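Visitor: Quick one: this structure, given as structure tokens, is what I'll be asking you about.
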Amino acid sequence: MTLVNGVRILWLSKAFSSGNRLTLLQARLMSQKAAVTHCIFDFDGLLVDTEKCYTIANRTMLRKFGREFTPELNELIMGRKEDDAFPLLFKAVGIEGKITLEEYIAQYDILLYDMFPKCQAMPGAEKLVRHLSKKEIPMAICSGSREVTFGPREKPHKDWLDLIKLKFFCGDEPSVKRGKPYPDPYIATMNRFSEKPSDSSKVLVFEDAPNGGRAAKAAGMKCVMVPDVKFRKEALSIGVTQVLNSLEDFRPEDFGLPPFD
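Quick look at the structure:
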């Protein structure tokens, strides 16, 4: 079930698996009521398949202390700023005082830098970014990470990621006191567009993490979620605008954007 300006539309699991489309009437209704002017993308796990790198790095780090990095812990920290995420993680597994945040990040980064260059683009990501750029739709990336870690993640995909002119890294921004699931990161990103949206409802956020979906919704923005299968049930419960299996299933015209050529 999705919610568009108060209109709930049922999406059956069969529709996801078979690729069935909304009826023409429903699509027109969404296009008319949900027209957007700006798009903001999360990065990790949404544009590039880096989430597994974070899982491996955290698993490696926690095993040094005899702990396991479970799916529940991954969900707890996913999408958050590192300064918020790791203290939560330390508390959850009982390693507070056994390693500092700075020590953890330094060792964690070494593990990540070795894996990032091998990460592939997520299905449909490059096509969508190139399309929106061609149609001159303002785009941004809003990431909870630090800019210093972006270069290794971006390098294999720089030719199309450079089409996204605005990149906002919450991990470097002291003005963003609260990370996802709070709306602050997306509000801050919206305010950095050179041509600002008339209001937050004109912004479409693409997310893969439940915390990110909550942040976009709290910011008053429309949100398309493309969650990992283990987060699909939770994603549906958040009440974002659409939940898709892949960016390949996204139809720009459903949001008043120019359709694919």
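In this text, residue positions in the sequence shown follow our numbering: the first is 8, and each later residue adds one.
Don't be surprised by glycine CBs; every beta carbon is placed ideally from N, CA and C.
Fair warning: this is a prediction, and the values are worked out from it, not measured in the lab.
According to the neighbour-count rule (16 or more other Cβ atoms, all chains shown, within 10 Å of its Cβ), is ILE84 buried or exposed?
Guide: Per the 10 Å Cβ criterion, buried.
Visitor: To which residues of the same chain is GLU214 closer than 7 Å at the C-beta, ignoring the five residues directly before and after it?
Guide: ASP49, LEU53, GLY220, ALA223, CYS230, MET232
Visitor: Closer than 7 Å, CB to CB, is PRO145 near chain C or not?
Guide: No chain C appears in this structure, which consists of one protein chain only.
Visitor: With DSSP as the reference, label ILE144 as helix, strand or coil.
Guide: coil
Visitor: Spatial neighbours of SER20 within its chain, please: CB distance less than 6 Å, with the 5 preceding and 5 following residues excluded, ordered by chain position.
Guide: No answer about SER20 holds up, because its pLDDT of 40 lies below 50 and its placement is not dependable.
Visitor: What residue range does the beta strand (DSSP E) around CYS177 cover?
Guide: Segment: none, CYS177 is in no beta strand (DSSP E) and carries neither H nor E.
Visitor: With THR196 and PHE175 assumed to form a contact (beta carbons below 8 Å), what rounded beta-carbon distance in angstroms separates them?
Guide: Confirmed, about 4 Å.
Visitor: GLY158: buried (16+ other C-beta within 10 angstroms of its C-beta) or exposed?
Guide: exposed
Visitor: Check for me: the alpha helix (DSSP H) holding VAL100 runs from which residue to which?
Guide: That run of the alpha helix (DSSP H) goes 89-100.
Visitor: Do CYS46 and LEU168 come within 7 Å of each other at the CB atom, strictly closer than that value?
Guide: no
Visitor: With a threshold of 8 Å, are at least 3 pairs of Cβ atoms found where one atom belongs to the segment 107-114 and the other to the segment 233-247?
Guide: no
Visitor: Spell out a yes or no on whether the segment 197-204 and the segment 134-153 are touching, meaning 3 or more CB-CB pairs, one atom from each, closer than 8 Å.
Guide: yes
Visitor: Would you tell me roughly how many angstroms separate the C-alpha atoms of LEU243 and VAL250, rounded to the nearest one?
Guide: 7 Å
Visitor: For SER182, count neighbouring C-beta atoms within 10 Å of its own C-beta (all shown protein chains included) and say buried if the count is 16 or more, exposed if not.
Guide: Looking at its Cβ environment, which holds fewer than 16 other Cβ atoms inside 10 Å, SER182 is exposed.
Visitor: Rounded to whole angstroms, what's the CA-CA distance from PRO124 to PHE97? Just pull it up for me.
Guide: 28 Å
Visitor: Would DSSP call VAL43 helix, strand or coil?
Guide: coil
Visitor: Could you tell me which residues DSSP pairs with MET232 in its beta bridges?
Guide: GLU214, VAL250
Visitor: Quick one: what's PHE48 bridged to in DSSP?
Guide: ILE148, PHE213
Visitor: Leaving out five residues before and five after ILE92 in sequence, what residues of the same chain have Cβ atoms less than 6 Å from its Cβ?
Guide: Reading off the sequence, residue 92 comes out as Ala, not Ile. If the five residues before and after ALA92 are omitted, its C-beta is found closer than 6 Å to the C-beta atoms of ILE84, all from its own chain and listed in chain order.
Visitor: With the cut-off set at 7 Å, would you say LYS88 and GLY131 are in Cβ contact?
Guide: no
Visitor: What are the start and end residues of the alpha helix (DSSP H) that includes CYS270?
Guide: In the structure displayed, the chain extends from 8 to 268; residue 270 sits before or after that span and is not available.
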